[in-house]
Amino acid sequence: MASGFQRIAQHTFMLRVDERVCGTVYLIEEDGKRLVVDSGDGRLKLGFVPDVCILTHGHFDHTQGVRKDWPSVLLHPAEFGFEGLYVHIPANARPLHLKTLGFGSHQLEFLHTPGHTPGSICILDRKTGCLFSGDTKFADGEVGRTDLGGNEDELKKSLGMIEKMEYRLLCPGHGELELKE
Ligand SMILES: [Zn+2]
């Protein structure tokens, strides 16, 4: 496991800096294969090349850490061509068309949750119950901003969908983790 990462569930780690601006990076590591959710803003050095990188949305604090040599970088199609503030789409990012992805013994499910941005997604790991919620939902009932090219009504709908999901641990793009009640 790379340095600085803290274990939060089986095969699952987070790398967080105190500054609110840099997004948290999550890592699923099993049998030497690594998948990261988001990349930080580029100031965090991961110290490895992830086999897969899934971006929760296109804001620079989540995407700017992507390096040119990362082989598989995926982002919801609606984020391409979205010209909001603070958007940074890495040149090697490709549209994510999958609904699910098996990764080792993990089964990831992708849920399109627009509102913060048009192509924001949440990622549920069925094995661990971790929900990687990007900037859509945070701990303590906080929700994503919609003034950066988002949409308030869409965000409400997305939050409703998240409520119905069977997750155990909320893993947001910033701030604290939260156990589902
Ligand atoms: Zn954002």
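The sequence shown begins at 255 in this note's numbering and counts up by one.
Yeah, the Cβ is synthetic: ideal placement off N, Cα and C, and Gly gets one too.
A distance criterion of 6 Å places the beta-carbon of Asp389 in contact range of ligand 1, judged by its closest non-hydrogen atom.
DSSP places Gly296 in the coil class of the three-state scheme, outside both helix and strand. When rounded, the separation of the alpha-carbon atoms in Thr382 and His360 is 8 Å.
By the criterion of a C-beta distance shorter than 7 Å, Ala263 is surrounded in its chain by Thr382, Cys384, Leu423, once the five residues flanking it on both sides are discounted. DSSP places Gly388 within a strand segment (E or B) once states are collapsed to three.
For the pair Arg288 and Asp305, the CB atoms are nearer than the 7 Å cut-off. Relative to ligand 1, the beta carbon of His360 is positioned no closer than 6 Å to any heavy atom. Scanning its chain for C-beta atoms nearer than 7 Å, with the 5 sequence neighbours on each side dropped, one finds around Arg297 the residues Cys276, in chain order.
Here DSSP, grouped into helix, strand and coil, assigns Glu430 to coil.
Three or more Cβ pairs closer than 8 Å define a contact, and the stretch 392–403 meets that threshold against the stretch 424–434. In the three-state reduction of the DSSP assignment, Ala345 falls in the coil class, being assigned neither a helical nor a strand state. With respect to the 7 Å criterion, Thr354 and Thr390 are not classified as neighbours on the basis of their beta carbons.
Apart from the 5 residues on each side of it in sequence, Gly388 sits with its Cβ closer than 6 Å to the Cβ of Thr310, His311, Ser374, Gly427 in its chain, given in chain order.
Going by DSSP, Asp379 is part of no alpha helix (DSSP H) but of the beta strand (DSSP E) stretching over 375–379. For Met415, the enclosing alpha helix (DSSP H) begins and ends at 406–418. Boundaries of the beta strand (DSSP E) around His366: 360–366.
Separation of the CB atoms of Leu281 and Val271 is rounded to 15 Å, and the pair is thereby denied contact status at 8 Å.
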